[in-house]
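Number of protein chains: 2
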Amino acid sequence: MAGAQRVKLTDVARAAGVHPGTASRALNPSTVSRVSPETARRVLKVAQRLGYVPNTLARGLRTSKSFVVAMLVPDITNALFPPMVRGAEQVLSAAGYTLVLTDTDNDSDTERRQVEQLRARGTDGFIIATARWQDPLLEEIADHGVPAVLVNRNIGSRRLPYVGADERTGIQLVVEHLAGLGHRAIVHLGGPSDTSTGRDRASAFRQAVEGLGLPTGSRLVQVCASYTEAAGAEATTRMLESGQDMTAIVCGNDLIALGALSVLAEKGIRCPEQMSVVGFNNLAMVERLTPPLTTVRLPLHQIGELSARLLLAEIEGGPQNTGAIQSLLGVQLAVRGTTAPPPPT
Amino acid sequence: MAGAQRVKLTDVARAAGVHPGTASRALNPSTVSRVSPETARRVLKVAQRLGYVPNTLARGLRTSKSFVVAMLVPDITNALFPPMVRGAEQVLSAAGYTLVLTDTDNDSDTERRQVEQLRARGTDGFIIATARWQDPLLEEIADHGVPAVLVNRNIGSRRLPYVGADERTGIQLVVEHLAGLGHRAIVHLGGPSDTSTGRDRASAFRQAVEGLGLPTGSRLVQVCASYTEAAGAEATTRMLESGQDMTAIVCGNDLIALGALSVLAEKGIRCPEQMSVVGFNNLAMVERLTPPLTTVRLPLHQIGELSARLLLAEIEGGPQNTGAIQSLLGVQLAVRGTTAPPPPT
DNA sequence: GAGGATACTGCAATCGTTCGCACTTGGGTG
DNA sequence: CACCCAAGTGCGAACGATTGCAGTATCCTC
Chain Z
214 MAGAQRVKLT
224 DVARAAGVHP
234 GTASRALNPS
244 TVSRVSPETA
254 RRVLKVAQRL
264 GYVPNTLARG
274 LRTSKSFVVA
284 MLVPDITNAL
294 FPPMVRGAEQ
304 VLSAAGYTLV
314 LTDTDNDSDT
324 ERRQVEQLRA
334 RGTDGFIIAT
344 ARWQDPLLEE
354 IADHGVPAVL
364 VNRNIGSRRL
374 PYVGADERTG
384 IQLVVEHLAG
394 LGHRAIVHLG
404 GPSDTSTGRD
414 RASAFRQAVE
424 GLGLPTGSRL
434 VQVCASYTEA
444 AGAEATTRML
454 ESGQDMTAIV
464 CGNDLIALGA
474 LSVLAEKGIR
484 CPEQMSVVGF
494 NNLAMVERLT
504 PPLTTVRLPL
514 HQIGELSARL
524 LLAEIEGGPQ
534 NTGAIQSLLG
544 VQLAVRGTTA
554 PPPPT
Chain S
214 MAGAQRVKLT
224 DVARAAGVHP
234 GTASRALNPS
244 TVSRVSPETA
254 RRVLKVAQRL
264 GYVPNTLARG
274 LRTSKSFVVA
284 MLVPDITNAL
294 FPPMVRGAEQ
304 VLSAAGYTLV
314 LTDTDNDSDT
324 ERRQVEQLRA
334 RGTDGFIIAT
344 ARWQDPLLEE
354 IADHGVPAVL
364 VNRNIGSRRL
374 PYVGADERTG
384 IQLVVEHLAG
394 LGHRAIVHLG
404 GPSDTSTGRD
414 RASAFRQAVE
424 GLGLPTGSRL
434 VQVCASYTEA
444 AGAEATTRML
454 ESGQDMTAIV
464 CGNDLIALGA
474 LSVLAEKGIR
484 CPEQMSVVGF
494 NNLAMVERLT
504 PPLTTVRLPL
514 HQIGELSARL
524 LLAEIEGGPQ
534 NTGAIQSLLG
544 VQLAVRGTTA
554 PPPPT
């Protein structure tokens with residue numbers, strides 16, 4: 214009752230007076246040339262009339278192709294991911310694929326289980342937003358030649374195609390903006406070092422500071438344990454207590470920036486008058502805070518779209534062509550209210 | 214290469230020295246009783262050792278069950294939905310089901326196409342967050358007896374099971390809170406009237422106002438064209454221009470409240486001193502606005518979980534049992550900074 | 001010790017498609 | 001006229017699991 218459709222290929226074939234095999238060929242664009250135009254037209258018409266919808270399961274069983282793509286995210290309630298999911302979904306569903314969303318809850322065991330499940334289901338490919346810097350599961354995936362594209366976070370080995378934002382340029386823009394305002398004592402609260410984003414942003418930060426000839430030092434960067442407000446607050450406290458000279462904080466992402474802002478408020482340090490703060494990601498609503506958060510805008514939707522496109526190419530074109538292409542999309546600096554010239558000394 | 218797993222039931226059977234049929238029975242909890250305990254143990258062990266994972270497609274083809282559930286949301290970037298998705302996903306994946314997420318982009322044609330696609334794929338059931346008050350597609354689904362559960366938004370005919378928040382009580386709490394602060398001139402910016410939430414909240418608002426003996430009137434409610442900041446701003450302007458006496462605004466949701474707040478700021482009306490504003494939904498970060506938004510907290514995660522549970526019951530128990538159960542989960546009022554006693558007259 | 005019930009297990013059909021192979025036809029060529 | 005080629009179609013075996021049916025031990029009972 215609730216099951217699949219009732220009219221099957223056999224019905225169409227019988228109604229059109231041909232063998233099921235022939236009907237199959239007539240209905241399949243890539244094999245329709247092997248059947249006479251007249252027959253093809255007839256079968257197509259009958260199929261239309263009967264409202265034939267091919268059974269994807271049966272087809273998948275035979276062809277070992279499922280037209281299913283899975284996307285792994287660590288936590289869908291993190292506002293970073295929905296736009297990427299949406300971008301990917303639009304591309305995929307336009308190409309006749311179905312997107313399976315999997316929330317791994319930031320847990321690698323869950324992740325592994327889910328991936329097993331999905332592969333058993335014949336999933337054609339994976340879009341993976343959960344990569345850790347060294348990730349045995351992803352190495353296995355690369356070994357097995359499973360079509361997969363990484364988004365947002367990369368892995369150290371660079372063995373899989375990656376689509377992300379040009380984070381280094383983003384950080385560069387931030388530091389230049391701050392330097393342009395007159396800041397010289399700029400510090401960084403970095404994301405976790407087992408994520409590519411944490412590492413890249415921190416390294417880009419150091420490079421930008423050096424490039425501009427600003428004072429450097431090992432205490433310029435504090436690493437946060439995770440991309441959360443709590444971890445940001447904790448790192449801010451550490452940074453303040455280290456006695457490091459500072460007039461501006463470049464945060465690993467917006468949540469970390471929120472943590473920094475609350476600690477500053479607590480300690481009575483006013484932002485932006487006494488301390489400038491910059492986020493990263495441009496989460497929803499950060500422009501409505503008081504003061505509105507200066508941050509870096511990432512092309513999340515585009516990242517989702519492009520990752521889906523690359524994955525489709527890999528699935529349909531075979532494993533060779535894309536190699537492990539690394540693509541970085543442009544970012545924009547959104548200057549708002551949390552940055553201002555440093556206080557006069 | 215990219216295909217499914219390689220060890221199949223036949224391999225397990227051969228390695229265990231039994232017939233595939235027997236192996237199948239040994240591996241399936243519901244039929245394991247039909248096989249000797251000793252054999253069962255042996256097969257299980259071999260399966261474990263070889264890392265056997267059943268091919269879901271083949272199984273589905275035979276049993277006409279896919280262990281796939283689809284969830285339809287109008288826009289995954291709307292922060293209302295991710296928690297529900299997450300709740301549903303956790304329940305489903307624990308039960309061995311896979312969740313397919315579909316973003317309909319608020320478009321009924323897209324929605325219909327997606328549903329066709331998914332049914333062809335043998336989807337076992339639907340969780341639907343896109344319901345409109347009168348929705349032909351959903352009536353069809355009800356007609357065909359496809360297992361489906363509505364969340365967040367209901368349909369007029371009440372023909373499908375529904376899981377939502379107890380919105381009426383939420384509005385009641387809001388109005389009581391405002392009345393308790395001394396407000397008597399309370400108005401409502403309602404959500405679109407083609408959504409159940411828009412209708413319910415508006416009706417609950419009227420009832421609460423009357424129940425408390427506050428002044429009533431037809432101009433107490435302005436309907437917003439959509440659940441967006443822009444529509445909220447527009448309705449606020451209309452309300453102010455109508456000359457209606459008012460000291461507090463109860464908004465259909467948080468986005469509408471944001472629209473209201475910006476119009477008030479524009480006109481120099483201070484919140485909460487001169488005008489109290491209340492939202493609905495408790496979106497992420499609204500507690501960090503200045504002032505933090507008073508709103509109603511919905512058990513979104515729970516709604517997702519429960520909807521998944523109900524759907525599973527319907528799928529596995531057959532169509533009869535749940536009927537069209539309507540379940541409402543409790544809400545909480547979050548009193549923050551946008552509500553205060555009315556200005557002295 | 002014979003008959004029958006019971007407990008396991010093997011056999012083979014089946015789910016709906018796809019696709020390699022073989023067959024038939026018609027037309028072109030030497 | 002004999003031969004061959006190619007186009008079009010039918011045939012049936014897969015894909016990997018489930019399941020009704022039937023067969024064979026095993027054990028109990030009288």
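Protein chains in written order, with this note's numbering: chain Z, 214 to 558; chain S, 214 to 558. Glycine included, every Cβ here is placed at the ideal spot set by N, Cα and C.
Residue 454(Z) and residue 418(Z) have their C-alpha atoms spaced approximately 21 Å apart.
Here residue 234(Z) carries a helix assignment [DSSP, helix/strand/coil]. Closest by C-alpha distance to residue 487(Z), out of 432(Z), 555(Z), 294(Z), 269(Z), is 555(Z).
Taking each of 398(S), 336(S), 520(S) in turn and checking the Cα distance to residue 489(S), the smallest one comes out for 398(S).
For the options 387(S), 516(S), 282(S), the alpha carbon positioned closest to that of residue 339(S) is the one of 282(S). The beta-bridge partner set that DSSP reports for residue 507(Z) consists of 491(Z). Distance between residue 291(Z) and residue 443(Z), taken at the CA atoms: about 15 Å. For residue 395(S), same chain residues with a beta-carbon under 7 Å away, outside a window of 5 residues either side, are 554, 555 in chain order. Shown here, residue 280(Z) sits in coil according to DSSP, grouped into three states, outside any helix or strand. In the structure shown, the three-state DSSP call for residue 285(Z) is strand.
By the neighbour-count criterion, in which a residue is buried when 16 or more other Cβ atoms sit within 10 angstroms of its Cβ, residue 517(S) is buried.
Within a 10 Å sphere around the beta-carbon of residue 232(S) sit fewer than 16 other beta-carbons, which makes this residue exposed. Closer than 9 Å at the C-beta level to chain S, one finds these residues of the segment 287 to 308 of chain Z: 288, 289, 290, 291, 292, 294, 295, 296, 298, 299, 302, 303, 306. In terms of beta-carbon proximity, residue 311(Z) lines the interface with chain S, with at least one pair separated by less than 7 Å.
Below the 8 Å Cβ cutoff, chain Z contributes 274, 333, 335 as neighbours of residue 268(S), in chain order.
Taken in chain order, the complete beta strand (DSSP E) segments of 3 or more residues contained in the segment 382 to 458 of chain Z are 399 to 403, 434 to 436. Distance from the Cα of residue 459(S) is smallest, within the candidate group 468(S), 392(S), 515(S), for 392(S). Distance between residue 360(Z) and residue 372(Z), taken at the CA atoms: about 12 Å.
As computed with DSSP, residue 377(S) is found in a beta bridge with 541(S). DSSP, read as helix, strand or coil, puts residue 340(S) in strand. Only buried fits residue 272(S), as 16 or more other CB atoms lie within 10 angstroms of its CB. With 16 or more other Cβ atoms inside 10 Å of its own Cβ, residue 495(S) counts as buried. Neighbours of residue 330(Z) across chain S, judged by C-beta separation under 7 Å: 311. The segment 466 to 483 of chain Z makes contact with the segment 433 to 453 of chain Z, as at least three CB pairs between them are under 8 Å.
For residue 503(Z), the closest Cβ of chain S is nearer than 7 Å. About 6 Å separates the beta carbon of residue 542(Z) from that of residue 378(Z), a gap short enough to meet the 8 Å contact definition. When DSSP states are grouped into helix, strand and coil, residue 354(Z) belongs to the helix group.
The CB of residue 453(S) never comes closer than 7 Å to any CB in chain Z; the least such distance is about 21 Å. Contact note: residue 356(S) does not reach chain Z at a C-beta cutoff of 7 Å; the least C-beta distance is about 11 Å. DSSP places residue 462(S) in the strand class (E or B) of the three-state scheme. Following the DSSP letters along the chain, one finds residue 313(Z) inside the beta strand (DSSP E) bounded by residues 311 to 316. In this model, residue 349(Z) and residue 222(S) are separated by some 27 Å (Cα to Cα). Apart from sequence neighbours up to five positions away, the residues of its chain that approach residue 235(Z) with a beta-carbon distance below 8 Å are 226, 248, 252, 256, ordered along the chain. Between residue 521(Z) and chain S, the shortest Cβ-Cβ separation is not below 7 Å. Judged by DSSP secondary structure, residue 362(Z) falls within the beta strand (DSSP E) whose first and last residues are 361 to 364. Among the bridge pairs identified by DSSP, residue 547(Z) is matched with 508(Z).
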